[in-house]
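Residue numbers (this note's numbering): 240 to 540. Note that CB positions come from ideal geometry on N, CA and C, so glycine has one too. Taking it in order: structure first as structure tokens, then the write-up.
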């Protein structure tokens, strides 16, 4: 099995970045993995010092097969950073594992991602692997569901992986958006992954939100492709502490990583379980989505 390189996107949170990297180093495959860090440039002078702290720490990191730091002099924002960075590395290596700077990973995270990338590499209806899942308090998995994983219409942006042939299918400009916007049936179909998806795509195209992830989900939709999720998450997001650019303070997304599975039994046929999909969609109720957006806007004022 050829290991996928790890890409970490950072900004101005040295504490979170340190925790993210330290948890990755506890994975047994870390020492065999190439590690790339993209450090975005400052939006204002107040960000210069914490960004330099992040960069200084990354330069001191040991324990991966290799460590490469890319210092971006100007601020690109998360969407442009991810699209640029993933495109550069994935076309060198063929597959990637992608992290952001506020994610604690299970010691089994790299094992799961690499094995899943290997298992589904020739499956045309799987476009991405998610190491994250919502905690059981948010996503109710039916008690009689017999598997350790499931398929979803929506990709995750917290600790995930993909392949070059899938990533390069993305149309980041969404050139067919006018036709999509005029077709209510297609919008309804896209919303199988959450009531917010068509609205988010509209806001991304109109420049109201800085999201690569919704455009990546739209790529899945266009190609009738799915994302693989674990029932128990390999990722805990520690960024919901009020320090993030696009997050607010809450503990409702906290995950217990002790439940992560060491040896995943992968499902060969990519088929969505109807009840799991409906429960997943309910996590993204429109009323909840609007409430979250209001909270995010409040934190940015």
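query: Straight-line Cα distance separating residue 291 from residue 372; result: 32 angstroms
query: Residue 245 vs residue 449 beta-carbon contact at 8 angstroms; result: no
query: Local conformation of residue 264 per DSSP, three classes; result: helix
query: Segments of 4+ residues assigned as alpha helix (DSSP H) that fall wholly inside the region 405 to 490; result: 416 to 420, 423 to 429, 436 to 444 and 452 to 461
query: Euclidean distance between Cα positions of residue 472 and residue 347; result: 10 angstroms
query: Where the alpha helix (DSSP H) through residue 519 begins and ends; result: 513 to 522
query: Where residue 351 falls: helix, strand or coil (DSSP); result: helix
query: Buried or exposed (CB count within 10 angstroms, at least 16 for buried), residue 350; result: buried
query: Any C-beta of chain C under 8 angstroms from that of residue 376; result: Absence of chain C from the displayed structure is noted, only one protein chain being present.
query: Three CB pairs or more closer than 8 angstroms across the region 323 to 342 and the region 241 to 257; result: yes
query: Nearest neighbour of residue 496, chosen from 515, 512 and 470 [CA to CA]; result: 470
query: Beta-carbon proximity of residue 505 to residue 390, cut-off 8 angstroms; result: no
query: Candidates 255, 446 and 397, of which the one nearest residue 413 by Cα; result: 446
query: Per-residue DSSP class, three states only, for residue 342; result: strand
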